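Enquirer:
Numbering (our numbering), first residue to last: 8 to 137.
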């Protein structure tokens, strides 16, 4: 970390430390524990999202297979096109969301101190802007 960044962090944390006094250590420990919980939660939600994607894909496959087996009513092609588009949109949204959780979760577990300080700084900045 460069010296100017350290100075900015110290300046941002100074008002918080003065307000908290002896409780600053307790606050850091609470944020630290919350960072670990957030990391586990991100991983769990990422896995849940990918499981949902797998189930969505299987369900779509079964519906399309059933549709193809029944001498399909080609007057309703728009309905099947809408189903395909909706599936693609859900795939995209769930895929990005799940990937985000699976990237951020392990980072929070590997380096929780960084994310703890980051959370504290965000809260301090938000407190000063009010």
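C-beta atoms are modelled at their ideal positions from N, C-alpha and C, and glycine is treated no differently.
Every value quoted in this text rests on a predicted model; they were computed, and no experiment measured them.
Under a Cβ-count criterion, where at least 16 other Cβ atoms within 10 Å of its own Cβ denotes burial, should residue 100 be classed as buried or exposed?
Expert: exposed
Enquirer: Can you round the beta-carbon distance between residue 53 and residue 109 to whole angstroms, since I take them to be within the 8 Å contact cut?
Expert: 4 Å
Enquirer: Could you name each continuous alpha helix (DSSP H) segment of 4 residues or more that falls completely within the segment 31 to 77, going from the start of the chain to the end?
Expert: 31 to 76
Enquirer: How long is the line joining the alpha carbons of residue 102 and residue 51, rounded to whole angstroms?
Expert: 14 Å
Enquirer: How would you call residue 11, buried or exposed, if buried means at least 16 neighbouring beta carbons within 10 angstroms?
Expert: Counting Cβ neighbours within 10 Å, residue 11 comes out exposed, since fewer than 16 surround it.
Enquirer: For residue 27, which residues in the same chain have their Cβ closer than 7 Å to its Cβ, ignoring the five residues on either side in sequence?
Expert: 34
Enquirer: Determine the closest residue to residue 123 out of 38, 31 and 116, with distance taken between C-alpha atoms.
Expert: 38
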